[in-house]
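In the numbering used here, the protein residues as written are 68 to 272.
Laid out in structure tokens, this is it:
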């Protein structure tokens, strides 16, 4: 399996797009990767979120706020999904501070060895830190064209766009192309070890 030893983080909140999340839940493990769904738990042990289309329940029991620098380096990719997940995650009770989820995304961007995947409306989460995408080629949902341009990103009219360690996709309906691109990028990369040191992997194709 091409992604054995890799871990992928997917940020979660309510109003997620069910077909996309279910696809990640099965497609990445099919290639051997571990998938970890992360959220802000607000001091609770677990939270059950509901989907946007069918109100499907989805339980998450791990917080991105608990992930230190060593644990972050264990992830090969961090994905911000479509739907309203990013809009919910970018809430901050203190207008003078970045939302915790945006802070986590910024930490991931600080490590070029981590692939950042942002699909559809997921780009909303980068809005509080526009420097993350300034000067980068990307695609977003048509509703976010102004947002991307105001952040200094370069819009590319393609379903999936890769710029270095950033992968973006147009809509949640393109999650299969988005996931395949991330899989292909990770397949020949080194996998992170538990100590945060990357170990060479030879993919079996």
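Glycine included, every Cβ here is placed at the ideal spot set by N, Cα and C.
Please report the distance separating the alpha-carbon of residue i from that of residue j.
i           : j           : result
residue 246 : residue 110 : 31 angstroms
residue 241 : residue 196 : 25 angstroms
residue 131 : residue 79  : 10 angstroms
residue 203 : residue 163 : 27 angstroms
residue 272 : residue 254 : Per-residue confidence for residue 272 stands at a pLDDT of 36, beneath the threshold of 50, marking its modelled position as unreliable; no derived number is given.
residue 344 : residue 194 : Residue 344 is absent from the structure shown; the chain starts at 68 and stops at 272.
residue 237 : residue 127 : 26 angstroms
residue 268 : residue 206 : Legend: pLDDT at residue 268 = 47, less than 50; position of this residue unreliable, value from coordinates given subsequently. Each residue's alpha carbon lies about 30 angstroms from the other.
residue 133 : residue 108 : 10 angstroms
residue 95  : residue 213 : 32 angstroms
residue 270 : residue 100 : In this prediction, residue 270 scores a pLDDT of 41, lower than 50, which makes its location untrustworthy; the coordinate-derived value is nonetheless stated afterwards. If I take the Cα positions, the gap works out to 12 angstroms.
residue 174 : residue 147 : 14 angstroms
residue 157 : residue 168 : 6 angstroms
residue 90  : residue 243 : 8 angstroms
residue 344 : residue 138 : In the structure as shown, the chain starts at 68 and stops at 272, and residue 344 therefore has no counterpart that could be examined.
Got a sec, what are the start and stop residues for the beta strand (DSSP E) residue i sits in?
i           : result
residue 76  : 74–78
residue 144 : 144–147
residue 188 : Premise fails: residue 188 is in no beta strand (DSSP E) and is neither H nor E.
residue 196 : Premise fails: residue 196 is in no beta strand (DSSP E) and is neither H nor E.
Spell out the partners DSSP gives residue i in its beta bridges.
i           : result
residue 221 : 204
residue 117 : 124
residue 130 : 106
residue 83  : 118
residue 163 : Partner(s): none; residue 163 has no beta bridge.
residue 101 : 74
residue 230 : 233
Start and end of the alpha helix (DSSP H) containing residue i?
i           : result
residue 125 : Here residue 125 belongs to no alpha helix (DSSP H); instead the beta strand (DSSP E) covers 124–127.
residue 180 : Unbroken run through residue 180: none, as it is neither H nor E.
residue 236 : Segment 233–236 is the beta strand (DSSP E) holding residue 236; no alpha helix (DSSP H) there.
residue 152 : 152–156
residue 243 : 242–254
residue 138 : 136–139
Residue j and residue i - do their beta-carbons sit closer together than 8 angstroms?
i           : j           : result
residue 82  : residue 151 : yes
residue 149 : residue 239 : yes
residue 98  : residue 129 : no
residue 88  : residue 125 : yes
So does the region 178–189 actually touch the region 113–132, counting three or more Cβ pairs closer than 8 angstroms? No, the region 178–189 does not touch the region 113–132.
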